[in-house]
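Residue numbering for the sequence shown follows numbering that gives the first Met the number 0, beginning at 0 and increasing consecutively.
Ideal Cβ positions, reconstructed from N, Cα and C, are used throughout, including at glycine.
As the structure is a prediction and not an experimental result, all values here were calculated from the model.
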Amino acid sequence: MGFQTEFNSVCKFKKEQELYELLEYGRGKMLKEGLRVYPTGQKVIAYSPDNKAVAIVKITACVSEINFNGEEVTSVELQLVRQLTEQEAAVQTALAHEMFFGDVETV
0 MGFQTEFNSV CKFKKEQELY ELLEYGRGKM LKEGLRVYPT GQKVIAYSPD
50 NKAVAIVKIT ACVSEINFNG EEVTSVELQL VRQLTEQEAA VQTALAHEMF
100 FGDVETV
């Protein structure tokens with residue numbers, strides 16, 4: 000058991016519904032497997048489940064726990080700062096593919 004640190008300015012959603020709620024209501028929650036530390040107060044780029052940059056979000060809370068099923072989970076609360084323009088999204092997506100997701104895309 001240990002904490003994984005998420006300091007690389009990446010907030011990747013695994014579920015479309017979580018991303019939809021963030022974009023629709025301006026606030027959202029993301030549930031991740033494992034114990035992770037997300038830097039509260041930091042602004043990061045949010046990515047869709049298909050690794051596309053979509054918005055700038057602010058991390059407002061991060062709680063890591065072992066739930067009643069014995070699973071290690073981290074709940075992250077987010078606030079939408081703004082959605083990215085089409086050009087910003089393309090550049091951030093290409094950059095993230097090279098830096099974080101392991102493949103290179105052209106802009």
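So Gln21 packs on Val72, CB below 8 Å; how close in whole Å? Stepping through the sequence shown from its first residue, residue 21 is reached at position 22. Stepping through the sequence shown from its first residue, residue 72 is reached at position 73. According to the sequence as given, residue 21 is Leu; it is not Gln. With a Cβ gap of about 18 Å, Leu21 and Val72 do not count as contacting.
If you count every other CB in all the chains shown that lies within 10 Å of the CB of Leu18, and 16 or more means buried, which is it? Here the question's residue 18 lines up with position 19 in the sequence shown. Its Cβ being crowded by 16 or more others within 10 Å, Leu18 is buried.
Select from Glu87, Ala88, Leu77 and Glu97 the residue whose C-alpha is nearest the C-alpha of Lys42. Locating residue 42 in the sequence shown gives position 43, where the first residue counts as 1. Closest option to Lys42, Cα to Cα, is Leu77.
Around the Cβ of Tyr24, are there at least 16 other Cβ atoms within 10 angstroms (buried) or fewer (exposed)? On the sequence shown, residue 24 is found 25 positions in, with the first residue counted as 1. Of the other Cβ atoms in all chains shown, fewer than 16 fall within 10 Å of the Cβ of Tyr24; this residue is therefore exposed.
What number of angstroms, rounded off, separates the C-alpha of Met0 from the C-alpha of Asp49? Start at 1 with the first residue of the sequence shown, and residue 0 comes out as number 1. Start at 1 with the first residue of the sequence shown, and residue 49 comes out as number 50. Residue placement at Met0 is poorly supported in this model, since its pLDDT is 46, which falls under 50; the coordinates still yield a value, given next. When rounded, the distance between both Cα atoms is 29 Å.
Leu34 and Ser74 look like a contact to me (Cβ under 8 Å); what is the Cβ gap, rounded to whole Å? The residue you call residue 34 lines up with position 35 of the sequence shown. The residue you call residue 74 lines up with position 75 of the sequence shown. Not really, about 11 Å apart at Cβ, beyond 8 Å.
Ignore the nearest five residues each way along the sequence and tell me which others in Ala52's own chain have a CB closer than 7 Å to its CB. In the sequence shown, the residue the question calls residue 52 occupies position 53. So the qualifying residues of the chain are Ile44, Tyr46, Leu83, Ala88, Gln91, Thr92 and Ala95.
Which residues in the same chain as Gln3 place their Cβ atom closer than 8 Å to its Cβ, once the five residues preceding and following it in sequence are excluded? The residue given as residue 3 occupies position 4 in the sequence shown. Per-residue confidence for Gln3 stands at a pLDDT of 49, beneath the threshold of 50, marking its modelled position as unreliable; the derived number appears in the next sentence. Cβ neighbours of Gln3 beyond the five flanking positions: Gly33, Leu34, Arg35 and Val36.
When Gly27, Met29, Arg26 and Cys61 are compared against Pro38, the one with the closest alpha-carbon: Position 39 of the sequence shown, counted from the first residue, corresponds to residue 38. Checked all of Gly27, Met29, Arg26 and Cys61; the closest Cα to Pro38 is Cys61.
Considering only residues of the same chain and omitting the five flanking positions on each side of Lys28, which have a CB-CB separation below 8 Å? By 1-based counting over the sequence shown, the position of residue 28 is 29. Result list for Lys28: Glu17, Glu20, Ser74, Val75, Glu76 and Leu77, in chain order.
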